[in-house]
Every structure is written in C-alpha cells, then in structure tokens.
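Trainee: Got a structure here, written out as structure tokens. Questions coming.
In the working numbering, the protein residues as written are 28 to 488.
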C-alpha cells in the first residue's frame, strides 16, 4: 500500500505562517492519505468479485429480460458499488490513523526527534514550518488503478457485449394445426351467424384453455388427445346439425309438393321426420340461429296452408343456407388456416417477381418457391438441356454359348463328394527302385540318405 520515501531534502524555513497550524494541517493530510489507502485496500477484493458476479448477472438479465430498461441496470450497478464502498469504509475504519499518529510518522521521516509530539502536548515549541513536510508515503499506482479498471471493464462487458435474447434464440413454437383449423371454422360460423352464440363461446373457451398450457406441453400426449376429442366433437355436431336441417327441409319440401297425392301413412312419416329433426336441433349442443329455430318450432307441418308460398320458400332457403354453412365449414372452403401455413408470414405463395412464377416457368427473375408450387428457380441454370434419349425397356440377356467364357466365369453349381485315394503311399528310395515302407524298416531305408546309413551301420558293428 505504501512505501517510505528516499528523499532527504534539507528543511527550509517558510516565513509568515503559524508553526502549529502548518504541522497540524500536514498531519491531517497524511492521516487522510493513510486512511484512504486502507479503504481502497479493503474495497479491492469485494469490488472485483462483485464486478465479476455483476457482469454475469447483467448478461443473464439481458438474455432473459431483453425489454428491461438500461436505466434499471445502471441504477442497480450504482447501488451495488455504493454498498461495497460503505461496507469497505466500515471495516477499514478500525485501522484508520489519527492526526496525532501522523505527527509521529512525519517527525520520524524528517528526523525532528519527537519535537512535533512534544509540541502537540505542550512540552516544547513547534518547529519552524518547512516548504514540504514528508511522511515517507507514496502511492503504488499499479496496485491502486488496476482493480478499479478491471471492475469497470467487467461491468462494461456485461453491458455492451451483444447477446441474443432467450425469446429470440428459442422462438415461440407454432400451434397445432388442429387449433388453427378449429378456430377458422368457429370464426366462419360466427361470421355467417348460423349457430347459437353459447356454443361458439364454449368452444372458444375450451380452445383457449388448451392454448393456456405451457408451450412445451402443447404437443404432449394429453394435450393432443384433448385436441382430438374437441375436434371430433365439433365435427360430429356440425354433421348432426346439417343432417337434421336437411331432414327437416326435405320433409317440408315433400309435404308442400306432394301433399295431395300422399297417403296418410306417408304424411305421418314425413311429419315424424320433421319433429325428430326439430327435437334433435333443440337438444343438441350446437343449435341453429335462434330466429330460425323459433320459426321451425312455430311451424305446423300438417297445416302448411297457414304460411304463404313466399314465407315457406324463405324458411326453406334459410334452412339451406344453414346447411351450406355447415358443409363449407367441414370442407374448409375458405380454410384461412391452410393459407397461412402455405403462404407464410409475408403471404408469398411461390410466385416469381418477373414474368415467370414460382413453378419454374420462364420469366425475368427467379420465383420464391412454395409448398404448393415448384422450387421457384429459373430453368436452365446449368445450361441448355439435351433432348431425352428414348432408351426403351431394358431386357436381361442369358448367354447360352460358353465357348467364349473366360477364366473366373461361373459355369454351374452341383453337389458332390470328395474322391479320396485309399491306396498305400509309395515312396521312391534309391533311384528307380520303388518300395513300400512300413515300421522301422521305412525309417531306416527311406528317411536316411546313404551317408547316414553307413554311419549308423559302422556305429552298431
């Protein structure tokens, strides 16, 4: 922290100043210098640790909370640094030096032989002021500057390093296609005003409950099963309502056109069909427009004469309108959800920007491609294509003539047994003489050359 000075400049008298005030002022300056050094000493370690942790915390905050205001980050950093400063000052104050102690440091460095301490307690006179009072202290600048600069660099890195937000790195997944399809059908039915509002509100609420799940659970087994159940229930209700409306409308049409030629039994059957269809429409979850349902309930099919031909025609037309709306919703005639999937966000469907389009037809510029079209590139990118050669059908040929076969060709496969020679072996010994070897005689005669045989004979004589 400090080091003694090697200066030994001579003391020079400074005229026109109070000796006591001069030395006490120098003592206070020395005490402040010593105390500041102790404070920085205590603050260096916590400052580096806090700056390292703070930089990591800033990076995480910018990643998970990209919309957080920079002013909040700067305020948090300021509060953290202030907390470290006050804490370090509190712990370093136990080692702070008083001006009386600084007088001893000064008189020891300048060789005043306790004259300052004695004068401070009133024993002797104050020495004459000097141009410069030395306390033997100097700042160690590398140790003083490097830690704060390192802390500033770490915190600046946390604030300035580009980071991608978590939402950008992991974009929100696309919803299941069944949700988009179901939502499109509900919007279509609501727009045409052919279904009671209570059913539409209930279905939309159930759909929102599925969307309210965590995104990672959208495609879980339970979520997909619930989606499938909801979709099948909706499809079943649309088919039932379409079937009931069609049955009621056919009954009214037959009664209106053929009432004079029908038997009572046929009329009774048509009236029963109408009443069953009306009861099913009243009891089902999906009900037709309340206005249409009320007209159907007030109508007495057995006495169609109470309505004019225009009124009856209007009623049947309204029922056919409801039927057509059910068919359109089931077949997906509008199907905005499919258009969104095919077009993408910008609504492009693979059409070219020039005279050509996205399916690779000639044009001024390349197309953009699309699911329902071709890749969108210009034809002839690799040059002019040659005309296709009519190769015809390929037929395998089987060779019958083996006269031109070469070694290694497989001629045929057949099963057989090894031909083993069982006759005794005949070993030639001594020129053209052929003998059958057996036992020791075979070893003696057939295994030794003539020189070896003579050697053995001579040995055993």
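Each residue gets a CB set at the ideal place from its N, CA and C atoms; glycine is no exception.
List the endpoints of the continuous alpha helix (DSSP H) containing residue 123.
Mentor: Note, residue 123: premise wrong, no alpha helix (DSSP H); not H, not E.
Trainee: Look up residue 131 in the DSSP assignment and give the residues it is bridged to.
Mentor: Its beta-bridge partners do not exist; DSSP assigns none.
Trainee: Excluding five sequence neighbours on each side, which residues of the same chain lie with their C-beta closer than 8 Å to the C-beta of residue 111?
Mentor: 70, 73, 74 and 77
Trainee: What does the alpha-carbon distance come out to for the pair residue 281 and residue 357?
Mentor: 27 Å
Trainee: Let me make sure I understand the geometry here. Which of 154, 47, 137 and 131 has the alpha-carbon closest to that of residue 144?
Mentor: 131
Trainee: Would you kindly check if the distance between the Cβ of residue 304 and the Cβ of residue 216 is under 8 Å?
Mentor: no
Trainee: Go ahead and label residue 459 buried or exposed: buried means 16 or more other beta carbons lie within 10 angstroms of its beta carbon, across all protein chains shown.
Mentor: Bear in mind that the predicted position of residue 459 carries a pLDDT of just 46, short of 50, making it too unreliable to give a figure here.
Trainee: I need the straight-line Cα distance from residue 212 to residue 350, nearest angstrom please.
Mentor: 14 Å
Trainee: Drop a sphere of 10 angstroms on the beta-carbon of residue 169, count the other beta-carbons inside from all chains shown, and report buried for 16 or more, exposed for fewer.
Mentor: exposed
Trainee: Just the C-alpha distance for residue 56 and residue 155, rounded to the nearest angstrom, thanks.
Mentor: 18 Å
Trainee: Grab the span of the alpha helix (DSSP H) containing residue 289 for me, first residue to last.
Mentor: Premise fails: residue 289 is in no alpha helix (DSSP H) and is neither H nor E.
Trainee: Spatial neighbours of residue 79 within its chain, please: CB distance less than 7 Å, with the 5 preceding and 5 following residues excluded, ordered by chain position.
Mentor: 181
Trainee: With a CB to CB cut of under 7 Å and the five nearest residues on each side skipped, what residues in its chain are close to residue 317?
Mentor: Closer than 7 Å at Cβ, skipping near neighbours: 223.
Trainee: Classify residue 480: buried if its beta carbon has 16 or more other beta carbons within 10 angstroms, exposed otherwise.
Mentor: Counting the other Cβ atoms within 10 Å of the Cβ of residue 480 gives fewer than 16, which makes it exposed.
Trainee: Helix, strand or coil, according to DSSP, for residue 222 in the structure here?
Mentor: strand
Trainee: For my contact list, residue 129 and residue 58 are in at a C-beta cut-off of 8 Å; report their separation, rounded to the angstrom.
Mentor: About 4 Å; that satisfies the 8 Å criterion.
Trainee: Report yes if the C-beta distance between residue 272 and residue 233 is below 8 Å; otherwise report no.
Mentor: In this structure, residue 233 does not lie closer than 8 Å to residue 272 by Cβ.
Trainee: For residue 514, which of 65, 146, 324 and 250 has the nearest alpha-carbon?
Mentor: Nothing in the structure corresponds to residue 514, since the chain is present only between 28 and 488.
Trainee: Just verifying my parser: in three-state terms, what is the DSSP assignment at residue 315?
Mentor: Correct three-state label for residue 315: strand.
Trainee: Starting from residue 240, trace the alpha helix (DSSP H) in both directions and tell me its first and last residue.
Mentor: Run containing residue 240: none; DSSP gives neither H nor E here.
Trainee: Since residue 279 contacts residue 329 with CB under 8 Å, what's their CB separation in whole angstroms?
Mentor: Rounded, the Cβ-Cβ distance is 11 Å, inconsistent with contact.
Trainee: Taking the straight line between their C-alpha atoms, what separation do you get for residue 355 and residue 319?
Mentor: 19 Å
Trainee: So the alpha helix (DSSP H) residue 54 belongs to, where does it begin and stop?
Mentor: 46–91
Trainee: Under 7 Å from any heavy atom of the ligand ATP, does the C-beta of residue 326 make it?
Mentor: No copy of the ligand ATP occurs in the structure displayed, which carries no ligand at all.
Trainee: Quick check on the DSSP output: the alpha helix (DSSP H) that includes residue 476 runs from which residue to which?
Mentor: Counted as a single uninterrupted DSSP element, the stretch harbouring residue 476 is not any alpha helix (DSSP H), since DSSP gives it neither H nor E.
Trainee: Look at the alpha carbon of residue 203 and the alpha carbon of residue 97, and state the distance between them as a whole number of angstroms.
Mentor: 37 Å
Trainee: Residue 276 and residue 343: beta carbons closer than 8 Å?
Mentor: yes
Trainee: Assign residue 101 to buried or exposed, taking buried as 16 or more other Cβ atoms, counted over all protein chains shown, within 10 Å of its Cβ.
Mentor: An exposed status is given to residue 101, since fewer than 16 other beta-carbon atoms sit within 10 Å of its beta-carbon.
Trainee: Please list the terminal residues of the continuous alpha helix (DSSP H) segment that includes residue 186.
Mentor: 168–187
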